[in-house]
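Here the structure comes first, spelled out in structure tokens, and everything after it is commentary.
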Amino acid sequence: RLVKAAEEWHSDVVIGVMEGVNGRFVDQRLFVQHEPDVDFQRFPLAYSLSNTKLFRRSLIDEHRIRYALDLRVGSDQPFVVEAMTHARRISVVAGYACYYAVRREDAANITYATQWGVRLGDVAAIMRHIAEVVPLGPTRDAILRRHFQWELDKLIRLDLPALDEVDQRRLASGIAALADDYLTDGVSAYLTVPARVRLRLSQRGDLKTLHRVLAYTKDKPPMVKALRADHVYQWLPAFGEPETIENWYELDDDAPKGLVIHSAEISGHQLVLRGQIGVTADSSDHLRLVLQPLSADEPTPPSGRHPHGCGSGVTANGLPVQLGQPVVGGPSQLLASVDLRRLPVAEPDVRWSLRLQTDVGRWTYDTPVQLPGVDLDHVVHHGLRRAAVQVVSERQSRLVVHRLAIPLAAQPPSKAEPQPIGTF
Numbered sequence: 020r021l022v023k024a025a026e027e028w029h030s031d032v033v034i035g036v037m038e039g040v041n042g043r044f045v046d047q048r049l050f051v052q053h054e055p056d057v058d059f060q061r062f063p064l065a066y067s068l069s070n071t072k073l074f075r076r077s078l079i080d081e082h083r084i085r086y087a088l089d090l091r092v093g094s095d096q097p098f099v100v101e102a103m104t105h106a107r108r109i110s111v112v113a114g115y116a117c118y119y120a121v122r123r124e125d126a127a128n129i130t131y132a133t134q135w136g137v138r139l140g141d142v143a144a145i146m147r148h149i150a151e152v153v154p155l156g157p158t159r160d161a162i163l164r165r166h167f168q169w170e171l172d173k174l175i176r177l178d179l180p181a182l183d184e185v186d187q188r189r190l191a192s193g194i195a196a197l198a199d200d201y202l203t204d205g206v207s208a209y210l211t212v213p214a215r216v217r218l219r220l221s222q223r224g225d226l227k228t229l230h231r232v233l234a235y236t237k238d239k240p241p242m243v244k245a246l247r248a249d250h251v252y253q254w255l256p257a258f259g260e261p262e263t264i265e266n267w268y269e270l271d272d273d274a275p276k277g278l279v280i281h282s283a284e285i286s287g288h289q290l291v292l293r294g295q296i297g298v299t300a301d302s303s304d305h306l307r308l309v310l311q312p313l314s315a316d317e318p319t320p321p322s323g324r325h326p327h328g329c330g331s332g333v334t335a336n337g338l339p340v341q342l343g344q345p346v347v348g349g350p351s352q353l354l355a356s357v358d359l360r361r362l363p364v365a366e367p368d369v370r371w372s373l374r375l376q377t378d379v380g381r382w383t384y385d386t387p388v389q390l391p392g393v394d395l396d397h398v399v400h401h402g403l404r405r406a407a408v409q410v411v412s413e414r415q416s417r418l419v420v421h422r423l424a425i426p427l428a429a430q431p432p433s434k435a436e437p438q439p440i441g442t443f
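Taking my numbering as reference, the numbering of the sequence shown is continuous, increasing by one, and the terminal residue is 443.
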């Protein structure tokens with residue numbers, strides 16, 4: 020199979036599917052489909068550096084690629100990286116398991132049994148070997164991100180908390196030396212926020228703050244974002260404090276997450292919504308509740324994103340959203356309300372989709388408010404006129420407000436009420 024692919028695609032390196040056995044973890048992202056031509060920057064190739072591949076012999080001979088003999092763990096990585104960086108083409112053959120990586124019942128594989136000091140030394144040697152054969156730049160960054168995100172961050176998360184203070188400082192110092200040499204802005208941009216923060220705190224030798232972050236991230240809490248004018252950050256302990264740098268916490272993904280509406284009820288003339296959302300309480304200025312007008316048979320739109328200020332068909336004036344954060348680092352409780360007396364008077368029947376909009380930088384994220392099983396009725400007065408208002412869950416539990424004018428013949432005499440000002 021591998022030889023046939025190499026001949027068909029003129030490949031120098033061909034990678035077959037590798038599976039883990041007995042709990043041995045093998046990253047599967049590379050094996051989704053056949054890929055005739057992969058590279059380090061566009062594919063997760065850095066997470067497949069074992070020697071379980073097919074190599075064209077002329078590639079090995081021409082570049083005199085040899086194993087690093089000074090390594091106890093990971094001795095195949097420099098060999099594989101050098102081969103792949105010299106290869107004319109690297110290919111992936113999917114759909115068939117070619118190799119099984121087995122974790123022994125006693126976990127005696129050398130990768131699992133080695134002490135932290137040896138593993139740190141070997142990772143350092145691997146990174147030095149890779150830096151010797153791959154020039155500084157995006158490809159090296161794409162490779163070395165794996166060693167920071169995977170091997171080094173694992174030493175911080177799993178090994179460091181169990182060590183005594185002296186060894187904790189030795190481990191942090193070893194990681195700091197590697198970060199000083201190889202943790203470029205390019206590598207840092209590839210990392211998850213928790214890994215980046217843990218590595219940067221180790222680089223600084225700030226073990227006190229590092230332990231706060233380790234305690235918070237140990238149970239993998241849901242992500243909470245802090246929204247700012249042009250940036251989005253993942254909240255972790257020490258965010259915004261003098262001992263940390265804000266861009267350690269910065270996210271590429273700025274879409275709001277974790278919106279859950281728990282209840283919708285009518286109190287007085289107010290439609291009151293309560294729920295939670297995965298942002299900090301001081302992010303409330305970036306959120307608003309809006310009503311998007313819909314035609315009689317128009318379905319409620321899904322979530323979307325549009326340039327700030329260019330939302331098609333969405334009411335210009337949003338309603339403020341109140342946020343409270345009962346637990347530091349937890350999601351915020353959300354409270355929003357709509358004065359049903361201020362819905363625009365319209366004939367005939369009109370519908371509005373309830374939306375939560377979030378402004379971040381030049382984008383507005385538009386999310387339908389969803390809650391299953393809602394069926395509320397209310398009557399509002401406009402002077403001598405009355406109108407029936409319904410709040411219902413439509414397809415996919417998206418909340419929609421209906422307003423239906425009551426014919427004059429059905430209107431009993433009533434005392435005039437002040438006309439509300441504004442759209443809603």
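We put the beta carbon where it would ideally sit given N, CA and C, even for glycine. Since this is a predicted model, take the numbers as computed values, not measurements.
Self-check item: Any 3 or more C-beta pairs closer than 8 Å across the segment 78-88 and the segment 39-55
Solution: no
Quiz item: Can you find a heavy atom of the ligand PLP that lies under 6 Å from the Cβ of L342?
Solution: Looking for the ligand PLP in the displayed structure turns up nothing, as the structure carries no ligands at all.
Exercise. Classify R396 as helix, strand or coil using the three-state DSSP reduction.
Key: Here residue 396 is taken as the residue at index 377 of the sequence shown, counted from 1. Contrary to the premise, residue 396 reads as Asp rather than Arg in this sequence. DSSP places D396 in strand when its eight states are reduced to three.
Quiz item: With respect to the beta strand (DSSP E) encompassing M37, which residues constitute its N-terminal and C-terminal limits?
Solution: For the purposes of this step, residue 37 is identified with residue 18 of the sequence shown, where counting begins at 1. Run containing M37: V32 to V40, per the beta strand (DSSP E) assignment.
Quiz item: Can at least three beta-carbon pairs, one atom from the segment 110-126 and one from the segment 169-188, be found at a separation below 8 Å?
Solution: no
Quiz item: Using DSSP with H/G/I as helix, E/B as strand and the rest coil, what is G343?
Solution: Working through the sequence shown from its first residue, we reach residue 343 at position 324. Three-state DSSP puts G343 in a strand.
Quiz item: In chain order, what residues of the same chain have a beta carbon less than 6 Å from the beta carbon of D58, not counting five sequence neighbours either side?
Solution: What you label residue 58 is simply residue 39 of the sequence shown in a count that begins at 1. Around D58: no qualifying Cβ.
Quiz item: Can you tell which of M146, G323 and L233 has the C-alpha that lies nearest to the C-alpha of D199?
Solution: As a position in the sequence shown, residue 199 is number 180, starting the count at 1. The shortest Cα separation from D199 among M146, G323 and L233 belongs to M146.
Practice problem: Give a yes or no on whether the C-beta atoms belonging to I280 and H397 are separated by under 7 Å. | Solution: Position 261 of the sequence shown, counted from the first residue, corresponds to residue 280. Position 378 of the sequence shown, counted from the first residue, corresponds to residue 397. It is not a contact, given that the beta carbons lie outside the stated cut-off.
Practice problem: Could you spell out where the beta strand (DSSP E) holding G294 opens and where it closes? | Solution: Residue mapping note: residue 294 aligns to position 275 of the sequence shown, counting from 1. From DSSP, the beta strand (DSSP E) with G294 extends over Q289 to I296.
Quiz item: Around the Cβ of Q60, are there at least 16 other Cβ atoms within 10 angstroms (buried) or fewer (exposed)?
Solution: By one-based count along the sequence shown, residue 60 stands at place 41. Counting Cβ neighbours within 10 Å, Q60 comes out exposed, since fewer than 16 surround it.
Quiz item: Alpha carbon to alpha carbon, what distance is there between A161 and V33?
Solution: Here residue 33 refers to the residue found at position 14 of the sequence shown. Here residue 161 refers to the residue found at position 142 of the sequence shown. In a straight line, the C-alpha of V33 is about 20 Å away from that of A161.
Quiz item: Can you give, in chain order, each stretch of the alpha helix (DSSP H) that sits fully within the segment 180-246 and has at least 4 residues?
Solution: 184-201, 204-209, 212-223 and 226-236
Exercise. Name the residue from R405, L390, V399 and R404 whose alpha carbon lies nearest to the alpha carbon of S412.
Key: What you label residue 412 is simply residue 393 of the sequence shown in a count that begins at 1. Selected option, being the one with the closest Cα: L390.
Quiz item: Going by the CB atoms, is the gap between P350 and G294 shorter than 7 Å?
Solution: As a working note, residue 294 is residue 275 in the sequence shown. As a working note, residue 350 is residue 331 in the sequence shown. No.
Quiz prompt | W382, DSSP secondary structure in three states | solution = Here residue 382 refers to the residue found at position 363 when the sequence shown is read from its first residue. W382 falls in the strand class under three-state DSSP.
Self-check item: For E284, three-class secondary structure by DSSP
Solution: The residue given as residue 284 occupies position 265 in the sequence shown. In this structure, E284 counts as strand in the three-state DSSP scheme.
Quiz item: At what residues does the beta strand (DSSP E) containing S412 begin and finish?
Solution: Here the question's residue 412 lines up with position 393 in the sequence shown. Counting along the chain, the beta strand (DSSP E) containing S412 begins and ends at R404 to S412.
Quiz item: Starting from F98 and walking both ways along the alpha helix (DSSP H), at which residues does that stretch end?
Solution: Taking the first residue of the sequence shown as 1, we reach residue 98 at position 79. Counting along the chain, the alpha helix (DSSP H) containing F98 begins and ends at D95 to H105.
Quiz item: So what's G109 in DSSP terms, helix, strand or just coil?
Solution: Here residue 109 is taken as the residue at index 90 of the sequence shown, counted from 1. It is worth fixing the name first, because residue 109 is Ile in this sequence and not Gly. The answer is strand: DSSP assigns I109 an E or B state.
Quiz item: Just how far apart, CA to CA, sit E18 and L190?
Solution: Nothing in the structure corresponds to residue 18, since the chain is present only between 20 and 443.
Exercise. Closer than 6 Å by C-beta to T334: which residues in its own chain qualify, once you throw out the five before and the five after it? Chain order, please.
Key: Within the sequence shown, residue 334 is the residue found at index 315, counting from 1. Residue confidence for T334 is low, a pLDDT of 48 falling below 50, so the modelled location carries little weight; the figure read from the coordinates is stated next. Cβ within range, chain order: V309 and L310.
Quiz item: For H400, which of S282, L362, E151 and H82 has the nearest alpha-carbon?
Solution: The count along the sequence shown starts at 1 and reaches residue 400 at position 381. Of the candidates S282, L362, E151 and H82, the one whose C-alpha sits nearest the C-alpha of H400 is L362.
Practice problem: Identify every run of the alpha helix (DSSP H) within the segment 40-94, keeping only runs that are complete inside it and at least 4 residues long; order them along the chain. | Solution: 76-81
Practice problem: Spell out a yes or no on whether the segment 70-82 and the segment 96-113 are touching, meaning 3 or more CB-CB pairs, one atom from each, closer than 8 Å. | Solution: yes
Quiz item: Terminal residues of the continuous alpha helix (DSSP H) containing L174?
Solution: Numbered from its first residue, the sequence shown carries residue 174 at position 155. Looking at the DSSP string, L174 is not in any alpha helix (DSSP H), and its letter there is neither H nor E.
Practice problem: To the nearest angstrom, report how far apart A196 and R217 are at their CA atoms. | Solution: Taking the first residue of the sequence shown as 1, we reach residue 196 at position 177. Taking the first residue of the sequence shown as 1, we reach residue 217 at position 198. Using only the alpha carbons, I get a separation of about 15 Å.
Self-check item: Closest residue to D249 among R381, R231 and L278 (Cα-Cα distance)
Solution: For the purposes of this step, residue 249 is identified with residue 230 of the sequence shown, where counting begins at 1. Among R381, R231 and L278, the Cα nearest to that of D249 belongs to R381.
Quiz prompt | Opening and closing residue of the beta strand (DSSP E) in which A355 lies | solution = Counting from 1 along the sequence shown, the entry for residue 355 is found at position 336. Run containing A355: S351 to D358, per the beta strand (DSSP E) assignment.
Practice problem: For Q451, count neighbouring C-beta atoms within 10 Å of its own C-beta (all shown protein chains included) and say buried if the count is 16 or more, exposed if not. | Solution: Coverage of the chain is limited to positions 20 through 443, which leaves residue 451 absent and any answer about it impossible.
Exercise. Specify, as a first and last residue, the run of the alpha helix (DSSP H) that R165 falls within.
Key: Within the sequence shown, residue 165 is the residue found at index 146, counting from 1. Element bounds for R165: P157 to R165.
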